[in-house]
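*Asks:* Quick one: the structure is below, questions incoming.
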Amino acid sequence: MSGRPEILFPLFAGLTKLDGIGPKTAQTLEHAGVVTPRDMLMTLPVSGVDRHRRASIRDVVPPAVATVEVTIGEHHPPRTRGRPYRVHVEDAQSSFQLVFFHARGDYLQKLLPTGQRRIVSGKVEIFDGIAQIVHPDHVVPVAEAEDIPAFEPVYPLHAGITQKAMWKATRSALTDAPGLAEWIDPNLKKREGWPDWHAAMALAHAPQATSDLSPHAQARARLAYDELLAHQLTLALARAASRRATGVASAPTGVLSNKVLAALPYKPTNAQTRAISEIAADLKTPLKMNRLLQGDVGSGKTLVALMALLGVVEAGGQGVMMAPTEILARQHLDGLRPLAENAGITLEVLTGRDKGAARAAKLKALAWGDIHILVGTHAVFQKDIVFNDLRLAVIDEQHRFGVAQRMELGAKGRAVDVLVMTATPIPRSLALAQYGDMDVSVLDEKPPGRPPVQTALVSIARMDEVVEKLRKAVADGRQAYWVCPLVEESEVVDMTAAEERFKRLRATLGEGVVGLVHGQMPPADKDAAMARFVAGETKVLVATTVIEVGVNVPNASIMMVEHADRFGLAQLHQLRGRVGRGTAASTCLLLYQSPLSESGRRRLEILRETEDGFAISEEDLAMRGAGDVIGTAQSGLPRFRIADLERQAAQMAVAQTDARALLADDPKLESDRGQAARTLLWLMEQDKAIRLISVG
Ligand code: ADP
Ligand code: MG
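As structure tokens, then:
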């Protein structure tokens with residue numbers, strides 16, 4: 000595919016080709032991201048003004064826009080400077096005034112000749128008991144009444160361009176726009192009653208009523224779907240390309256995993272069983288697995304990962320699991336090694352702390368295939384590490400890893416199957432947008448028997464009370480986390496806050512009762528502090544958000560979050576997930592600084608109301624918008640011009656299914672619809688995707 004299809008040329012011409020757009024206006028628009036007639040068309044009206052003709056303003060309840068035919072009466076130029084120029088007019092049933100400030104008399108005489116009839120439209124107001132329209136939006140001769148649309152679209156404006164100019168330019172962009180062959184599945188289009196692309200554009204730019212501006216209006220829904228489909232096609236192409244990078248078929252026998260399951264004191268949840276079999280099915284095919292395992296904190300992702308790792312070991316290969324921190328890697332080691340030993344296989348750990356001869360020995364064992372499963376930090380992917388037969392890489396808690404690191408994995412020797420685990424539940428629409436190139440398994444069920452975590456909001460002003468309660472709880476043998484605020488995006492400032500709190504709590508609760516971990520500590524100290532807390536030697540662990548992810552201390556049943564108002568909802572949910580892991584009733588106290596803003600309070604209340612991470616993420620999305628939930632920059636989330644991820648979640652799922660189905664039938668996009676889909680990709684500037692087709 001050599002380049003943009005000719006039929007799209009008018010849509011990608013310079014803006015100055017459009018009526019009423021000179022070089023200066025074009026520049027203004029370009030600064031606002033509107034660079035082509037295509038962009039112009041994709042900028043839909045945000046609202047509309049009802050300008051339907053009425054006989055008189057008499058029944059209008061001011062202030063409101065009215066459009067009437069009037070007979071022009073006398074002009075009253077201002078008698079003193081700074082006063083307005085008034086023109087008396089009469090409609091069929093009443094009289095009122097048109098008011099102009101700083102107007103030139105001769106211009107107004109020409110615009111509004113006394114004795115003649117004109118159509119005027121503008122906002123009717125009452126001033127000093129007299130009805131008036133200040134600076135009418137439209138004044139046209141009766142013969143040109145059609146120039147005032149009954150419902151006038153209002154565009155998002157950029158400084159230096161008027162509504163009229165936007166309207167005119169959009170009209171001419173529409174006139175130049177081609178009709179395009181259909182890329183949408185015909186059944187879907189018929190079911191939704193969607194118009195063709197060009198007709199949809201024309202309709203979207205000529206709303207007849209407010210309802211036409213709704214995202215559910217057919218024209219708009221279609222145009223939004225076009226964007227979603229283009230995005231999902233891109234992801235589907237990426238998925239297809241990565242699956243082609245052939246993995247090895249690893250048929251799990253169940254020999255090892257059954258042994259491990261039999262030794263467990265519990266049974267897997269239905270969700271775990273489902274995820275385990277979805278993964279096993281992927282491992283069996285020679286296509287490369289690229290799967291996301293989404294599960295709330297405590298939903299038991301580790302077991303699913305272990306089953307997957309055992310699956311490739313059963314098939315004669317090796318597996319690796321990468322955790323984002325040293326603490327987590329060690330924790331996985333502690334949790335998984337006994338299970339692995341029980342099954343008769345070798346599990347080792349490798350982190351940045353492995354040095355010299357010990358490290359060399361591990362590398363040798365890996366290369367020989369004597370280590371079956373390796374867990375560790377990103378150190379497991381250092382250049383000199385060679386596996387004998389690596390088949391599966393599990394990446395735990397991936398939100399700490401960049402997408403780039405995910406890619407790096409693929410480059411590690413032969414294409415390995417990849418399982419990414421995330422404990423950050425994100426709304427389905429975002430998951431589809433962000434991870435649409437992956438297949439997704441969801442753990443939407445928690446192991447039974449966990450008591451709910453009681454969550455309360457407490458003002459920081461009541462600190463003394465809180466510390467006193469903590470003292471009592473500690474005396475009762477409970478353990479607590481105390482998380483210190485993220486003051487700035489600065490580890491050093493965080494550390495100071497945590498150290499300060501540590502000193503104070505130690506003074507109150509006693510020497511040896513309180514521990515401290517933060518990101519700036521030497522790793523060995525960090526581990527030691529963690530270990531003391533896990534062993535129950537220290538009762539209170541003061542920490543920065545290093546404990547946010549994954550840490551599992553079942554006896555800890557109290558979570559204090561200082562300045563909870565400074566954390567994101569997802570982060571607070573993560574933190575709370577550190578408690579409620581044992582059988583004891585747990586408490587989470589969200590300490591806030593008064594006064595809380597309205598939205599700040601609402602956010603914290605959501606946490607009090609539910610422990611369902613998916614529900615929390617949906618609320619977070621509704622309150623903050625898509626970009627903020629994930630952080631648009633690193634999320635790879637597309638910026639849609641028309642589609643709205645918050646409101647069109649269901650359509651995103653349809654688009655994904657549709658895109659994958661289209662590619663399954665027509666992998667090279669050669670059919671008529673496939674060709675049309677290529678045009679869509681060009682239209683939506685998905686050049687990355689277009690390159691992926693040519694590879695195929
Ligand atoms: P996460 O999804 O947050 O990584 P983990 O894998 O750490 O969760 O599991 C949390 C805890 O639940 C662990 O102590 C684990 O042993 C336990 N667990 C996992 N699956 C089950 C189950 N099916 N029934 C009971 N407990 C389970
Ligand atoms: Mg985990």
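Using numbering that gives the first Met the number 0, the letters of the sequence shown correspond one by one to residues 0 to 695. Glycine included, each C-beta is placed from N, C-alpha and C at the ideal position. These numbers were taken from a predicted model, which means no experiment stands behind them.
Looking at the structure shown, is G695 part of a helix, part of a strand, or coil, going by DSSP?
*Replies:* Bear in mind that the predicted position of G695 carries a pLDDT of just 42, short of 50, making it unreliable; the figure below should be weighed with that in mind. Looking at G695 - three-state DSSP - the assignment turns out to be coil, as it is neither helix nor strand.
*Asks:* Taking 7 Å as the line, does the beta carbon of N554 fall inside it for any heavy atom of the ligand ADP?
*Replies:* No, the Cβ of N554 stays beyond 7 Å of every heavy atom of the ligand ADP.
*Asks:* Look at the alpha carbon of L362 and the alpha carbon of V415, and state the distance between them as a whole number of angstroms.
*Replies:* Those two C-alpha atoms are separated by around 19 Å.
*Asks:* Taking only three categories from DSSP, how would you classify G72?
*Replies:* G72: strand per DSSP, three-state reduction.
*Asks:* Assign N186 to one of two classes, buried (16 or more other C-beta atoms within 10 Å of its C-beta) or exposed (fewer than that).
*Replies:* N186 should be labelled exposed.
*Asks:* When you compare the CB positions of R290 and D436, do they come within less than 8 Å of one another, or not?
*Replies:* Cβ distance not < 8 Å, so R290 and D436 don't count as in contact.
*Asks:* Candidates R580, I132 and D225: which alpha carbon is nearest Y84's?
*Replies:* It is I132.
*Asks:* Buried or exposed: which applies to W193, given that a residue is buried once 16 or more other Cβ atoms fall within 10 Å of its Cβ?
*Replies:* The residue is buried, with at least 16 neighbouring Cβ atoms inside 10 Å.
*Asks:* How about H87 and G104: are their beta carbons less than 8 Å apart?
*Replies:* Result no, Cβ atoms of H87 and G104 do not sit closer than 8 Å.
*Asks:* Identify, in the order they occur along the chain, each residue of the same chain with its Cβ nearer than 8 Å to the Cβ of K283, setting aside the five sequence neighbours on each side.
*Replies:* Within the same chain, K283 has close Cβ partners A248, S249, A250 and P251.
*Asks:* What residue range does the alpha helix (DSSP H) around K122 cover?
*Replies:* K122 -> not in any alpha helix (DSSP H); beta strand (DSSP E) instead, spanning R116 to F126.
*Asks:* Let me make sure I understand the geometry here. Which of L338, L668 and H331 has the alpha-carbon closest to that of S258?
*Replies:* The question names Ser, yet the displayed sequence has Lys at residue 258. Residue L338 is the option with its Cα nearest to K258.
*Asks:* DSSP state of M683, grouped into three classes?
*Replies:* Here M683 sits in coil by DSSP.
*Asks:* Quick one: any contact between the segment 556–574 and the segment 518–538, if contact means 3 or more CB pairs under 8 Å?
*Replies:* Counting Cβ pairs under 8 Å, fewer than three are found: no touch.
*Asks:* Any heavy atom of the ligand ADP closer than 7 Å to the Cβ of Y154?
*Replies:* Not so, every heavy atom of the ligand ADP lies at least 7 Å from the Cβ.
*Asks:* State buried or exposed for D524, treating a residue as buried only when at least 16 other CB atoms are found within 10 Å of its CB.
*Replies:* It counts as exposed.
*Asks:* With a threshold of 7 Å on Cβ separation, who are the neighbours of N554 within its own chain once the five nearest residues in sequence on each side are excluded?
*Replies:* Contacts found: Q478, G535 and G581.
*Asks:* Which residues in the same chain as M529 place their Cβ atom closer than 7 Å to its Cβ, once the five residues preceding and following it in sequence are excluded?
*Replies:* These residues qualify, in order along the chain: I326 and V516.
*Asks:* How long is the line joining the alpha carbons of M683 and R577, rounded to whole angstroms?
*Replies:* Answer to the nearest angstrom: the Cα atoms are 43 Å apart.
*Asks:* From which residue to which residue does the alpha helix (DSSP H) around F532 run?
*Replies:* First-last of the alpha helix (DSSP H) with F532: P522 to V533.
*Asks:* Considering only the alpha carbon of each residue, which of E313, S276 and L335 lies closest to L305?
*Replies:* Measuring from the Cα of L305, the nearest candidate turns out to be L335.
*Asks:* Could you pull out every residue in the same chain whose Cβ sits closer than 6 Å to the Cβ of Q231, ignoring the five residues on either side in sequence?
*Replies:* For Q231, where only same-chain residues beyond five positions count, the Cβ hits under 6 Å are G435, A654, Q655 and A658.
*Asks:* Please classify I125 as buried or exposed, where buried requires at least 16 other C-beta atoms within 10 Å of its C-beta.
*Replies:* By the 10 Å Cβ count, I125 comes out exposed.
*Asks:* Specify the secondary structure class of A403 as computed by DSSP and reduced to three states.
*Replies:* Reliability fails at A403, whose pLDDT of 49 lies under 50, so the model's placement of it is uncertain and the value that follows must be treated cautiously. Correct three-state label for A403: helix.
*Asks:* At what residues does the beta strand (DSSP E) containing P140 begin and finish?
*Replies:* Counting along the chain, the beta strand (DSSP E) containing P140 begins and ends at H137 to P140.
*Asks:* Three or more beta-carbon pairs under 8 Å between the segment 148–168 and the segment 20–40, yes or no?
*Replies:* Verdict: yes, contact present.
*Asks:* Count Cβ pairs between the segment 291–310 and the segment 376–383 that sit closer than 8 Å; are there 3 or more?
*Replies:* No, the segment 291–310 is not in contact with the segment 376–383.
*Asks:* So what does DSSP say about G514, is it helix, strand or coil?
*Replies:* Note: G514 maps to strand in three-state DSSP.
*Asks:* How long is the line joining the alpha carbons of I629 and P177, rounded to whole angstroms?
*Replies:* Note that I629 scores a pLDDT of 47, beneath 50, so its modelled location is shaky; the value from the coordinates is reported in the next line. Going by the C-alpha atoms only, they are around 37 Å apart.
*Asks:* Return the CA-CA distance between P135 and K667, expressed in angstroms with no decimal places.
*Replies:* Each residue's alpha carbon lies about 56 Å from the other.
*Asks:* Could you tell me the distance, in whole angstroms, from the CA atom of I129 to the CA atom of Q96?
*Replies:* Cα-Cα distance, rounded: 8 Å.
*Asks:* Taking 7 Å as the cut-off, does the CB of R580 come closer than this to any heavy atom belonging to the ligand NAD?
*Replies:* For the structure depicted, the ligand NAD is absent and the ligand set comprises only the ligand ADP and the ligand MG.
*Asks:* Return the chain-ordered list of same chain residues with a C-beta closer than 6 Å to the C-beta of R301, the five sequence neighbours on each side being excluded.
*Replies:* Correcting the residue type first, residue 301 is Thr in the shown sequence and not Arg. If we look at T301 and ignore the five residues flanking it on each side, it has no Cβ neighbours.
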